[in-house]
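A.B. asks: The sequence shown maps to residues 226 to 420 in the working numbering. All residues carry an ideal CB built from backbone N, CA and C; glycine is no exception. Model, not experiment: these values are computed from the prediction.
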Amino acid sequence: MVHIRIESLEEYAKINNIPIMQKDGIEFLTNYIKENNIKNILEIGSAIGYSAIKMASVKSDIKVTTIERDKERYDLAVKNINDFNLNNQITIINADALFIDLDETFDLIFIDAAKAQYIKFFEKFDKNLKVNGVIVSDNLSFHGLVLDDSKTHNRNTKQLVKKIRKYIEYLKENKSYKTTFYALGDGIAVSIKME
Ligand code: SAH
Ligand code: MG
Numbered sequence: 226m227v228h229i230r231i232e233s234l235e236e237y238a239k240i241n242n243i244p245i246m247q248k249d250g251i252e253f254l255t256n257y258i259k260e261n262n263i264k265n266i267l268e269i270g271s272a273i274g275y276s277a278i279k280m281a282s283v284k285s286d287i288k289v290t291t292i293e294r295d296k297e298r299y300d301l302a303v304k305n306i307n308d309f310n311l312n313n314q315i316t317i318i319n320a321d322a323l324f325i326d327l328d329e330t331f332d333l334i335f336i337d338a339a340k341a342q343y344i345k346f347f348e349k350f351d352k353n354l355k356v357n358g359v360i361v362s363d364n365l366s367f368h369g370l371v372l373d374d375s376k377t378h379n380r381n382t383k384q385l386v387k388k389i390r391k392y393i394e395y396l397k398e399n400k401s402y403k404t405t406f407y408a409l410g411d412g413i414a415v416s417i418k419m420e
């Protein structure tokens with residue numbers, strides 16, 4: 226049996242610039258899962274498996290399906306999930322989330338992938354979310370740039386900021402969901418499905 230500590234994943238992510246959830250963000254998410262008795266979770270963007278491992282560790286009857294398109298990160302996530310003995314709780318898929326179709330329905334969908342595609346993820350996976358289920362979106366602050374992008378002159382970054390602002394407007398105007406925004410981690414939205 227391999228003994229691995231969650232801190233070693235946090236360290237690995239830091240050294241290798243892998244944007245895993247920040248401490249207060251993941252704490253908020255795992256508390257939400259606990260308090261709302263969430264059992265079935267879909268995650269878009271596994272990276273090295275950190276948040277999937279944290280979510281599955283909340284309780285042994287929680288199931289997480291997580292999707293990662295990058296093969297190298299996927300391989301690392303598979304290894305980490307194994308090392309944490311969470312194979313029975315976590316199913317990881319190596320694919321682009323926009324090109325796969327799932328039949329299952331979930332209590333919670335966590336969107337933490339390519340920021341330019343958030344509306345597409347939201348609309349694609351709406352059918353996989355139960356009524357009263359919730360979509361949690363990460364990185365809506367984008368290091369503070371969504372509020373104030375005067376610090377960057379990079380065109381790609383500015384484009385991304387625009388896309389995130391558009392997603393925030395989309396969430397606010399979406400009447401089928403009730404969205405609350407939290408200034409936690411890198412900015413989190415919790416959208417509850419009303420109908
Ligand atoms: N949720 C992770 C961090 C994810 S980082 C954690 O907190 O531990 C975002 C990841 O999303 C990256 O590894 C990237 O490769 C992946 N990604 C981006 N777009 C994707 C897509 N369309 N489908 C699947 N994975 C995607
Ligand atoms: Mg994130």
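Going along the chain, which residues of its own chain have a beta-carbon closer than 6 Å to the beta-carbon of V283, five neighbours each way excluded?
C.D. replies: Looking up residue 283 in the sequence shown gives position 58. So the list reads T255, I258 and K259, once near-sequence residues are dropped.
A.B. asks: Can you check DSSP and say which residues form a bridge with N265?
C.D. replies: Looking up residue 265 in the sequence shown gives position 40. K288, per the DSSP bridge assignment.
A.B. asks: Between D308 and I336, what straight-line distance do the alpha-carbon atoms span, to the nearest angstrom?
C.D. replies: Your numbering for residue 308 matches position 83 in the sequence shown. Your numbering for residue 336 matches position 111 in the sequence shown. Computed Cα separation, rounded: 24 Å.
A.B. asks: Measure the C-alpha to C-alpha separation of K296 and V386 and round it to an integer number of angstroms.
C.D. replies: Counting from one through the sequence shown, the residue named residue 296 turns up at place 71. Counting from one through the sequence shown, the residue named residue 386 turns up at place 161. The straight-line gap from Cα to Cα measures roughly 27 Å.
A.B. asks: Among K388, K239, K418 and D286, whose alpha-carbon lies nearest the alpha-carbon of I344?
C.D. replies: Here the question's residue 344 lines up with position 119 in the sequence shown. The option with the nearest alpha carbon to I344 is K388.
A.B. asks: Only counting runs of 3 or more residues, tell me where the beta strand (DSSP E) segments fall wholly within the stretch 333-380, in order along the chain.
C.D. replies: Here the runs fully enclosed are 354-363.
A.B. asks: Pick out whichever of N305, I243, I245 and D411 has its Cα sitting closest to the Cα of R230.
C.D. replies: Sequence index remark: in the sequence shown, residue 230 carries index 5 (1-based). Taking only the C-alpha atoms, the option nearest R230 is N305.
A.B. asks: Can you name the start and end residues of the alpha helix (DSSP H) that A434 belongs to?
C.D. replies: Summary: the structure shown does not reach residue 434, with the chain confined to residues 226 through 420, and so no result is reported for it.
A.B. asks: At a cut-off of 7 Å, would you count E293 as near the ligand ATP, judging by its Cβ distance to the nearest heavy atom?
C.D. replies: This structure simply doesn't include the ligand ATP; it includes the ligand SAH and the ligand MG instead.
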